[in-house]
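Colleague: With the numbering used here, the residue at position 226 of the sequence shown is 222, and numbering never jumps.
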Amino acid sequence: MTRAPSRGVRRLGIDVGGTKCLAVVLDADGEVIDEQRRPTPKGPEAIIDTLAELAESCGPFDSIGIGVPGLVGLDGVIHASPNLVQVNFFRVGELLSARLGRHVQVDNDATCATAAEWKVGVARGATDVVMVTLGTGIGGGVVAGGALIRGANGFTGEIGHMVVDPDGPLCPCGRHGCWERYASGSGLAWLARQAAGTGQLARVVEVAGGDIAAIRGEHVQAAAREGNAEALAVIDEFGRWVALGLSNLTNILDPQVFVLGGGLAVAADLYLDPIRAWFSRLLYSPELRPHPRLVFAGLGERAGAVGAALLADAG
Ligand SMILES: [Zn+2]
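1) In whole angstroms, what is the alpha-carbon distance linking residue 2 and residue 304?
2) How about residue 75: is its Cβ closer than 7 Å to a heavy atom in ligand 1?
3) Report the residue from 191, 288 and 23 whose alpha carbon sits nearest the alpha carbon of residue 275.
4) Distance, Cα to Cα, residue 291 vs residue 254?
5) At a cut of 8 Å, does the region 80 to 98 reach the region 127 to 139 through at least three beta carbon pairs?
6) Using DSSP's beta-bridge definition, name the partner residues of residue 23.
7) Can you list, in chain order, the residues of its chain with a C-beta nearer than 6 Å to that of residue 104? Leave out the 5 residues immediately preceding and following it.
8) Quick check on residue 115: buried or exposed, where buried means 16 or more other Cβ atoms within 10 Å of its Cβ?
9) Quick one, which of 167, 301 and 308 has its alpha-carbon nearest residue 65's?
10) According to DSSP, what are the bridge partners of residue 104?
11) Identify the continuous alpha helix (DSSP H) that holds residue 46 and give its terminal residues.
12) Do the region 154 to 174 and the region 201 to 219 meet, that is, are 3 or more Cβ pairs less than 8 Å apart?
13) Kindly list the residues whose CB is nearer than 8 Å to the CB of residue 5, restricted to its own chain and excluding five residues on each side of it in sequence; keep chain order.
14) Ignore the nearest five residues each way along the sequence and tell me which others in residue -1's own chain have a CB closer than 8 Å to its CB.
15) Enumerate in chain order the residues of its own chain whose CB-to-CB distance from residue 192 is below 7 Å, with the five nearest sequence positions on each side excluded.
16) Taking only heavy atoms of ligand 1 into account, decide whether any of them is closer than 7 Å to the Cβ of residue 199.
17) Just the C-alpha distance for residue 13 and residue 108, rounded to the nearest angstrom, thanks.
18) Is the region 267 to 285 in contact with the region 24 to 41, if contact means three or more CB pairs nearer than 8 Å?
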């Protein structure tokens, strides 16, 4: 029996972000052979129009998967995605399938990024992986026992909303003290604004244009790169919060490797040492166990789109 020719196979994946839609076409070996992007429009109808146009402009394809932020059901319905659309129960999979005349696989964007790093990225070959995307918030994905875990409803990996302080700051999810309030890009900015409010971080405030309320994560990074001790102290505190969540996740999932991705991964050199140092202190019985490896993601901004294409192929 001869194998079907793999040459010419084109697998389309689209990462639908809050600001842009990034499409990639993979060949049979998982290599990116085309890439296109569009701004993400507002409103569900406009999003379907944009995705249909983007898919068609990528040329013929054999399968299509999309990755979207938020609570994505196994049936391709987005239950809630405040950063993408203001409607609940958006039937994006069904609507786009009807438009394109073929099945569209829909997954959470962090689940897609996890699949990509696991199948073709830095976690290739591992059986137990937790991906943590540190961006505006925190997303996550889990591979356990050699399988990508989706949960009963598709909602596995909402690790950013693990509460680490019930008396902490209010989260957009309506609860207080979620991990992402401290350990995301917004968390880093919040930690810096708290410190600046007590008269510290003069250099960071200066970099932010003199306005404490305007402090963002990149201002802390810029001052830290100058060697500013107070900025480095905020990064260390941030590393402690990241490590606290990773130690909690280790207790639940016992992974071989954590893959840290998202926007903050571009400044990995600033964060990795503090995160590693705190993690080895906060881990349960650190001297009596193997420690999970901490690595930064390798596929960059393409991870979600590549994973969407790979999951569509598998499903
Ligand atoms: Zn929350």
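From the three backbone atoms N, C-alpha and C, an ideal C-beta is built for every residue, glycine too.
Modeller: By the coordinates alone:
1) Reading the sequence shown from its first residue, position 6 is the one you call residue 2. Reading the sequence shown from its first residue, position 308 is the one you call residue 304. Confidence in residue 2 is poor, its pLDDT being 49 and thus under 50, which makes the residue's placement too unreliable to answer from.
2) Indexing the sequence shown from 1 puts residue 75 at position 79. Incorrect: residue 75 has no Cβ contact closer than 7 Å to ligand 1.
3) Walking along the sequence shown from the start, residue 275 turns up at place 279. Taking only the C-alpha atoms, the option nearest residue 275 is 288.
4) As a first step, residue 291 must be located in the sequence shown, where it is residue number 295. As a first step, residue 254 must be located in the sequence shown, where it is residue number 258. Rounded to whole angstroms, residue 291 to residue 254 spans 6 Å at the Cα level.
5) These segments do not touch.
6) As a working mapping, residue 23 is identified with position 27 in the sequence shown. Bridge partners of residue 23: none, in fact.
7) One-based indexing of the sequence shown puts residue 104 at position 108. Answer for residue 104: 68, listed in chain order.
8) As a first step, residue 115 is located in the sequence shown; it is residue number 119 there, counting from the start. When all chains shown are included, residue 115 counts as buried.
9) Stepping through the sequence shown from its first residue, residue 65 is reached at position 69. Cα-wise, what sits closest to residue 65 is 301.
10) As a working mapping, residue 104 is identified with position 108 in the sequence shown. Residue 104 pairs with 64.
11) Within the sequence shown, numbered from 1, the residue matching residue 46 stands at position 50. Looking at the DSSP string, the run of the alpha helix (DSSP H) that includes residue 46 is 40 to 53.
12) no
13) Here the question's residue 5 lines up with position 9 in the sequence shown. Cβ neighbours of residue 5 beyond the five flanking positions: 23, 24 and 58.
14) Mapped onto the sequence shown, residue -1 falls at position 3. Legend: pLDDT at residue -1 = 45, less than 50; position of this residue unreliable, value from coordinates given subsequently. Hits under 8 Å: none found.
15) Locating residue 192 in the sequence shown gives position 196, where the first residue counts as 1. Hits under 7 Å: 200, 201, 208 and 211.
16) The residue you call residue 199 lines up with position 203 of the sequence shown. No; taking the cut-off as 7 Å, the Cβ of residue 199 has no heavy atom of ligand 1 nearer than that.
17) For this step, residue 13 is matched to residue 17 along the sequence shown. For this step, residue 108 is matched to residue 112 along the sequence shown. For residue 13 and residue 108, the distance between alpha carbons rounds to 12 Å.
18) no
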